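Undergrad: Okay, here's the structure, questions in a sec.
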Amino acid sequence: MHIHHALHPDQPSHSYDVEEANFDQRVVERSHHVPVLVDIGADWCAPCLVLAPLLDKLVGEYDGRFELAKVDADENMRIAGRHQVRGFPTVIAYSHGKEVDRFHSSKPMHFLREFADRVIANHR
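Add 973 to a position in the sequence shown, counting from 1, and you land on the number used in the working numbering.
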């Protein structure tokens, strides 16, 4: 899990796993301070396995301008249900406590940058 790294100031991490128990704190509340992209996927989902390393690279490049919360849909079906997710991966952007944008399926890096830039620009 990536949460371990986020708890150590000498190892800052803008990417972490979330589950039903801490979703409201780590995503909804946190998004009042910084936009949070929620990546909802599953290990068996091929497009998820393509998208995940691109999102990891992006969150590293943006260095704290947004955070990435990863949700394993198989273990957290209520999160997927709460967001009416119909397919994987689904990436949902949170800003100021609410969903502001989303996309489905794997996307190229230029799309991901435009998506992140738009979410960050609108987080005022």
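Note that beta-carbon positions come from the ideal geometry of N, C-alpha and C, so glycine has one too. Because the structure is a prediction, the values reported are computed rather than measured.
Output the boundary residues of the alpha helix (DSSP H) element that contains Val1023.
TA: 1019 to 1035
Undergrad: Does the Cβ of Phe1084 have 16 or more other Cβ atoms within 10 Å, making it buried, or fewer, making it exposed?
TA: Counting Cβ neighbours within 10 Å, Phe1084 comes out exposed, since fewer than 16 surround it.
Undergrad: If you scan the stretch 1031 to 1073 from start to end, which runs of the beta strand (DSSP E) of 3 or more residues do you find wholly inside it?
TA: If you keep only unbroken beta strand (DSSP E) runs of at least 3 residues inside the stretch 1031 to 1073, you get 1040 to 1045, 1063 to 1068.
Undergrad: Report the option in Arg1051, Val1011, Gly1054 whose CA atom is closest to the CA atom of Phe1088.
TA: Val1011
Undergrad: Can you tell me whether DSSP reads Ser988 as helix, strand or coil?
TA: Ser988: strand per DSSP, three-state reduction.
Undergrad: Could you tell me how far apart the beta carbons of Asp990 and Ala1015 are, in whole angstroms, since I believe they sit closer than 8 Å?
TA: Contact doesn't hold; Cβ gap of about 13 Å is too wide.
Undergrad: Taking the beta carbon of Pro1081 as the centre, do at least 16 other beta carbons fall within 10 Å, making it buried, or is it exposed?
TA: exposed
Undergrad: Only counting the same chain, and skipping five residues up and downstream in sequence, which positions put a Cβ closer than 8 Å to that of His975?
TA: Any answer about His975 is weak, because its pLDDT of 40 lies below 50 and its placement is not dependable; what the coordinates show is given next. Excluding residues within five positions, the ones whose Cβ falls inside 8 Å are Ser986, Ser988, Tyr989, Asp990, Lys1043.
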